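In the numbering used here, the protein residues as written are -9 to 370. Notes follow once the structure below has been shown.
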Amino acid sequence: MNHGFETLAIHAGQDPEARTGAVIPPIYQTSTYAQDAVGAPRLGYEYSRSGNPTRDALQECLAALEGGPVGLAFASGLAAEDALLRAVCQPGDHVVIPDDAYGGTYRLFARVAQRWGLEFTPAKVSDPAAIRAAVQPGRTKIVWVETPTNPLLGIADIAALAGVAHDAGALLVVDNTFASPYLQQPIAYGADVVVHSTTKYIGGHSDVVGGALVVADAALGEELRYHQNAMGAINGPFDAWLTLRGIKTLGVRMDRHCDNAERLAAYLDGHAKVAQVIYPGLPSHPGHEVAAKQMRRFGGMISFRASGGEEHAVEICNRAKLFVLAESLGGVESLIEHPGRMTHASAAGSPLEVPGDLVRLSVGIETVDDLLADLEQALG
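Structural data, given as structure tokens:
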């Protein structure tokens, strides 16, 4: 039987516990497991780096939500990315990345993976021709995209880029953190691997750090599972439990995030002190039609450029009161930040450097009129 998204979020991998009937998966806070005999671990559990029932519940739920056969949970989004790169690539290989990728992803490529011998080329994910031109035949193993991108909210046509990647014998990897599986399911459009920072919308409450991979191919999933165990960057059982708790309300939260963001984007779009609003839900956004095709709605992230330049952008961030000045995104509370000096400082001086006048909003689920009033006073 095919269940709806919200049903899967609440039930996938989360049957009542067999012994007591507990409706919430228990937190198996243990490092090791008694074995029935030498070489005969009970239910396959030996050691919690290799397998833990709470983490397994989360992994099964993530796979169901993204429509893939295997889901894997990690200690952070970057831990998930690192495991994927080392499982799929080797020294001398090449990856195409977004030209406005998340700063932490850029740092992983530029200052960690590149030293290991993995080369990369930034390209605009909204332009399939630019991605195709960046591919190096015979060397490119991954076309890596974010959609929407962080922080400039570029939109990649997932189906088109799947064609580009597969023509080159490469995998299409889609970072789906900004959309969440509620708004977008990249595997349905041809993606091979979906990446998440589950810290963000999936967890949803700014109280747990985690990451995930969901794959379209079961054999690749087992290879990644091997690396997950061998490298050891798993999340703990309590972190897995908190993430599962957040997932249960993902659908209803995302609808409210989107409702609020649409109101705020329309308000900012007409404001004299805002030079440009970047939100895929606006018809003026160059990726609006593609986003409408592959997303349920347009998300809770807004970026805008302050009309008074970089110092004005910093002042807006500092004056906000209800919008908390903080990094991260996707929680129930609204956040504001200056990407150039905060989340994307590691990209300064690189081809991925972001504009100094850019402000990024993670729109929460508060009363929207209160958020509007806070932006009004912050803009000055």
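Ideal placement from N, C-alpha and C gives every residue a C-beta, glycine not left out. Since this is a predicted model, take the numbers as computed values, not measurements.
Contiguous alpha helix (DSSP H) elements confined to the segment 70 to 146 occur at 93 to 98 and 118 to 124, taking only those with 4 or more residues. Per DSSP, Glu56 lies in no beta strand (DSSP E); the unbroken alpha helix (DSSP H) holding it starts and ends at Pro43 to Glu56. Cβ-Cβ distances below 6 Å link Gly330 to Val344 and Gly346 in the same chain, with the five nearest sequence neighbours on each side left out; the list follows chain order. DSSP lists Ser352 as the beta-bridge partner residues of Met291. Assignment of Gln4 by DSSP, reduced to helix, strand and coil, places it in the coil class. Runs of the beta strand (DSSP E) lying entirely within the segment 140 to 221, each at least 3 residues long, are 161 to 165, 183 to 186 and 201 to 205 in chain order.
DSSP places Ala255 within a helical segment (H, G or I) once states are collapsed to three. Taking the Cα positions, Gly289 is about 8 Å away from Pro270. Between the segment 352 to 368 and the segment 228 to 248 there are three or more C-beta pairs closer than 8 Å, enough to call the two in contact. Per DSSP, reduced to three states, the secondary structure at Leu62 is strand.
Taking the Cβ atoms as the reference, Gly194 lies roughly 7 Å from Thr239, within the contact range of under 8 Å. With the rule of 3 Cβ pairs closer than 8 Å, the segment 118 to 130 counts as touching the segment 152 to 164. For the alpha helix (DSSP H) assignment, the uninterrupted runs of no fewer than 4 residues enclosed by the segment 227 to 252 are, from N- to C-terminal side, 227 to 237. If you draw a 10 Å sphere on the C-beta of Ile224, you find 16 or more other C-beta atoms in it, and that means buried. DSSP lists Ala30 as the beta-bridge partner residues of Ala27. In the DSSP assignment, Gln266 is bridged to Arg295.
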